[in-house]
Structure formats: structure tokens, C-alpha cells
Amino acid sequence: MAKLTQEDILHLAKLSRLELSEDEIVQFQQEISTILSYVEELQSVDVSKLTPTTQVTGLRSVTRPDEIRQLPYSQTELFMNTPETENGYIKVKRVLS
Amino acid sequence: MSGAKWKPLDVIAQDVQSGKVTAKELVEASFGYIEQAKEYKAIISVCRERALDRAKEIDARQQQGERLGRLAGVPFIAKDNFLTLGGATTAASNILNNFNAPYQATVIDRLEAEGAICVAKANLDAFAHGSSTENSDWFTTKNPHDKSRVPGGSSGGSAAAVALELAPFALGTDTGGSIRQPAAFCGIVGLKPSYGLLSRNGVIAMASSTDVIGPLARSVADAALVVDVAAGKDEWDGTTIDRAAEPYTKLEEFSLSGKKVALISEYFPESLPTEIKDATKQAIEKMTALGATIEEISLPSLPLSLACYYVIGPAEISSNLARYDGQRYGHVSSEAESLEEAYTKSRSEGFGSEAKRRIMIGTYVLSSGFYDAYYRRAQQVRTKLINEFNQAFEEYDLLIGPTAPTTAFKIGENTKDPMQMYLSDVMTVAANLTGVPAISLPSGTAEDKLPIGLQLIAPQNHDRKLLGYAKEIEEALK
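The listed protein sequences derive, respectively, from chains A and B.
Its first residue numbered 1, the first sequence is counted upward by one per residue in my numbering.
Its first residue numbered 1, the second sequence is counted upward by one per residue in my numbering.
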């Protein structure tokens, strides 16, 4: 189950929006297969009566009042790390080629 | 590694308040220590200007006779995955090279409100993925006790900085052991509070359901003071919990006398190095002398905790790292022609191997067809672990064991085999999966002078109790 092929790695890379070198493909194929074999031991557990834990605080649907508030930073400050902006918007590359 | 450069945190603050020493002198002393200890590479950047400005302001207020706060003038170092003003925040990753935070982490704001001053940002494994700082995209930090060894990780820079006393305390993050393991490797105190006790707002996310923030310090009392200042609900982090009604610094009521303590047998295997066994046994003797009854118990699912963590962790990491797309902030590829290419190239150029590996594992375990077999199953095993801890705490007040299965390993020793590196978290991850508080205390040194850590684990949200027992044990171990 856990032995991944090079095609599997390329598919995962595509889903993850990563581009891998030839060396990385070989390296990750081996390493990720090893790690997945290790986590295989979870398959031995009888989980039929166990509900999944997604969080540990027991808090549910924490909300705040839906009000407009002053934030401690401006739009300019929030954009100071943005590579390209135009008229107060983030400028991205074209979507369709 | 010589005598104490800093007084306890509360004493430093009193000295600043009374005018015995100025905040400026303290900050400059810290800068001096950082400069002298450069060879250890604990620090990524120094927040010189902002720290001096803040010191000046505090000293001016002192002159006016104002009340300055419980950490007045106390310099501290933050792991470089805390957003701070006055310099870059990089998470030790190329993808955040030159990132300047527009706001600060809540915890930094709360410490500052009591007069503490952030003087520098500490090294870490990039995005806190690792156990040695060797995954830092900048450099590897050296262990203050042996320069050929790692300081542990991922908060290795913070741990080394405190052991070197570059500042009297540091902040770290602990997702699977990243505060406790380096604290053990560097011979200091490292606290992982209960999940949700300290706000994660403004701290770069790794695995959101297990990430916690905590102090690395030279004593339990110092760690307790930092928690007391920083803990509690934050409207910017919906997962924060209420703090205890009583202060985290008021610990006199806690005594091990008449209490039941359990050594976790899964954390005490035959294969454990003799010196770590001996240090643990010695601590047990001291606890017995304090009046505690020590027994050994088994938590049978504990051996599954690392596998559980290496499914849940990467799953959450892959989601959290999806935000690095080269569009809003962070590294952007100059090669890209289309938006899709900009995502892929920016991420491929910006992320290091470990981040890529974890993103792909996370993507795999969350993908359709594998979700039930891996992710859902790991969450179910997580429930089993929680049940076993709850059961143990019905009978015992405190669980103990070593913090790590080895002392600090050699730089380069585990870098070729990621699985080997992951195994150094084997004794720490369960506390993250279950949300319970845990602390690592220095419990002696091995023959080669390398520190050994003792881990104490208390029931969820009993952080005061944990700190109280830890303080008593710390005293007994001196």
C-alpha cells in the first residue's frame, strides 16, 4: 500500500503545487514510502468504537459580534510584503494562457 | 558556559523599577552576549533599534516614577516564527526571506505590555519542521555544551540562547516536542502549556491542532512568570482557553507529599541509554524523598503516537503551507508566466526539502481514497491516546519519563534519514496530540557532560499544578 511509484510522487507534487527535480523525485519516492510504511502500524488498531479527535479544547463555533472594527494596521502595512499591487489590489499573473 | 549572567526575571524587573539598573543597560548587555556567542549561531537577527527605543521609553517612564510592569526591562529572544515589529520574521525559510510583519503576535504584545523587550530572533528548523535546527534554511545552531552537536529543535536557537544566557528567557513553539526536546538537549527548563492556554495569533502556523507556545527559561519560576503574563483568552485566536483563576506564579499550595506519580514504562524501554535511565531513577528517588509514591504504568497506545503525529501533523502542515503562493507575501518566482506557474515555481524555489516532504505526505493522507485509512484513522487513534491519558490521571497526579531517548546527537548524524530524525520526538508527541501540559527539567548530565531532561506531564489545563510540582522537583534536583 505504501510503496509509492514515481508517478505517485509526480501526482502528489502536482496537487501540492510543487515542481520537483529528477533527484528530488527519487529521494521523495524512497523517503515518503519509508514514512508511510512506518505510519502503517495505525492499521493494526481496532478503531471501530472510536470517534475521531479533531481538536482538544472542546470549544465549539467560537464567534465574535459581526461589527466593523478598527484594526491596528492599515491596508498599506498589510501590503508591504506584496510583490505587485495596483490601485490597492494585489496584482497576479494571468490565469488563462 | 559560566556563572549566571542574569538574575531571576522578577528581580530584574524590580531592579529596573527601583533604578538599580536601566533597561538600556540590560538590552545592551544582551546585545554584547549575543555578539560574543556568535559562533553558536543561535540568533537569526537582532532587533536593535526597536529594542533600544523601547528601553529608552521604559527608562524615561522610570524617571517619571511610573509603575513599569512585571517584566520591566527584561530582554527576551523570540523564535523566528513569532511575528514581531522592528525587523524581519523568516521562520528560517527562504520563502519568507525579508518578510516584515505588519503586526505582532499577541504573546509578544502581552509581554511588551509588562515591559519585556524582544532583543533578537532565534534560529529554528524552517517552519519548525525538525528536531535539530539542521532544517533551517540559514544555518545550524550549535549546542552550547558541545559545538559538534545539535541543540535539538525545532526551538534549538531559543534553547541555545537561554543556555548561553544571551537573554534571561526565550519563546518557542512546541508542535511535537519542539520546546521540551531542545530544552533537554541544552540543559534548561522548557514548558509546553496546555493546548490553547497561550494565543497562537501571530505565530506562523505549523500543525494547528497541536501547536502551542511556551517559554524556555533557566528556572521553573521564570517560566511560570512568563506564562502568567502571556496566558489566557485572545479574541484573535478562537482556540484559546480561559486561564486559571489563581496566578501561575502562586505555587506554594502544590506539594508532591502524599501524591501518586507514575513512570511511563513506554518511555523507559530497555534500549534507553544507561545514563538517561540513571538520571530518571535518581529523580524518582528525590520525588520519593519528597513524599510521593512512584509506580510504573503502561499506556499501551503510546508507541502509536509518533505514527499518529506523522499523519495528523503533515496533514495540517500541508493545509497551513498552502497560503505560500508567492502572491500576497513571501518569495515570488521571477520565472513564472501564468498564475499557476507562479504558485508552483514560487513554492518550489522557496520551500526546503523537509517542508516539501511534509506537504506531500499531508496531501497524500488527505487525498480521496486515503483519507479514511490514514487521516481519519489517526484521529481515532488520537482519541484512544486521550482516553489512556485520562485513565492514567484518574489514578495518578503526575506522569513522568525522560524527555528524549538520547542526549544531543552529532550535527549531521540524522540528516540522511528523516525517519530517524522523527524518532527523536517519540517521547514528546503524545502531549501535543492529547493537549496536556508537559515540562522538561534538567535532571543531570551524561559522562560526556551532555544534559539530560526529565519530563513531567500533568492533566489537561492543570498547568499550575505542573509548574508547582516542577518547582519542587527542580529544587530537589539541585
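By construction, the Cβ of each residue, glycine as well, lies at the ideal position given by its N, Cα and C atoms.
With respect to chain A, the C-beta atom of B:C308 has a partner C-beta closer than 8 Å.
Taking B:S148 as the centre and dropping the five residues before and after it, the same chain places the C-beta of K410 and I411 closer than 7 Å to its C-beta, in chain order. Annotation: Cβ neighbours of A:V62 in chain B (cutoff 7 Å, chain order): G238. Judged by DSSP secondary structure, B:Q64 falls outside any beta strand (DSSP E); it is assigned neither H nor E. Only buried fits B:I317, as 16 or more other CB atoms lie within 10 angstroms of its CB. Assigned with DSSP and collapsed to three states, B:G350 falls in helix. Between the region 30-45 of chain B and the region 132-152 of chain B, the count of C-beta pairs closer than 8 Å reaches three or more; the two stretches touch. Close to A:E7, with beta-carbon spacing below 8 Å, lies no residue of chain B; the smallest spacing is near 13 Å. According to the DSSP secondary-structure assignment, B:A88 is paired through a beta bridge with B:N100. Looking at the DSSP output, B:R149 sits in a beta bridge with B:K410.
Per the DSSP secondary-structure output, B:F76 pairs in a beta bridge with B:C118 and B:F169.
When DSSP reads this structure, B:F31 sits in no beta bridge, so it has no partner. B:L399 counts as buried, since no fewer than 16 other beta carbons sit within 10 angstroms of its beta carbon. Between the region 357-371 of chain B and the region 89-103 of chain B, the count of Cβ pairs shorter than 8 Å is below three; the stretches do not touch. If only uninterrupted alpha helix (DSSP H) runs of at least 4 residues are considered, those enclosed by the region 301-347 of chain B are 305-320.
A Cβ-Cβ distance of about 7 Å is found for the pair B:G453 and B:P442, placing them in contact under the 8 Å criterion.
Chain B places no beta carbon closer than 8 Å to that of A:Y89, leaving this residue out of the contacts. Among the residues facing chain A, B:M360 is included, as its CB has a counterpart in that chain under 8 Å away. Secondary structure at B:R50: helix, using DSSP grouped into helix, strand and coil. Closest in C-alpha terms to B:P300, from the list B:A279, B:S265, B:Q181 and B:T240, comes B:S265.
According to the DSSP assignment, B:V212 belongs to no alpha helix (DSSP H) but to the beta strand (DSSP E) extending over V212 to A217.
Of all residues in the region 65-88 of chain A, those with a C-beta nearer than 7 Å to a C-beta of chain B are P72, Y73, E77, L78, M80, N81, T82 and P83, reading in chain order. Residues of the region 239-263 of chain B with a C-beta less than 7 Å from any C-beta of chain A: T239 and I241, listed in chain order.
By the neighbour-count criterion, in which 16 or more other beta carbons inside 10 Å mark a residue as buried, B:D397 falls on the buried side. Proximity of chain B to A:L15 at the Cβ level (cut-off 8 Å) is accounted for by T363 and S367, in chain order. In terms of Cα proximity to B:A289, the closest of B:D10, B:D174, B:E475 and B:K24 is B:E475. In this structure B:G115 is buried. Its beta-carbon is surrounded by 16 or more other beta-carbon atoms within 10 angstroms.
C-alpha of B:E447 to C-alpha of B:S271: approximately 18 Å in a straight line.
Judged by their CB atoms, B:V74 and B:P168 are nearer to each other than the 8 Å cut-off. For B:N97, no CB of chain A lies under 8 Å from its own CB, so it is not counted at the interface with that chain. Beta-bridge annotation (DSSP): B:N81 is not paired with any residue. Around the beta-carbon of A:R69, fewer than 16 other beta-carbon atoms lie within 10 Å, marking it exposed. In chain order, V21 place their CB closer than 6 Å to the CB of B:D15, counting only its own chain and leaving out the 5 sequence neighbours on each side.
Boundaries of the alpha helix (DSSP H) around B:T106: T106 to A113.
Between B:T84 and B:A78, the C-beta gap is smaller than 8 Å, which places the two residues in contact.
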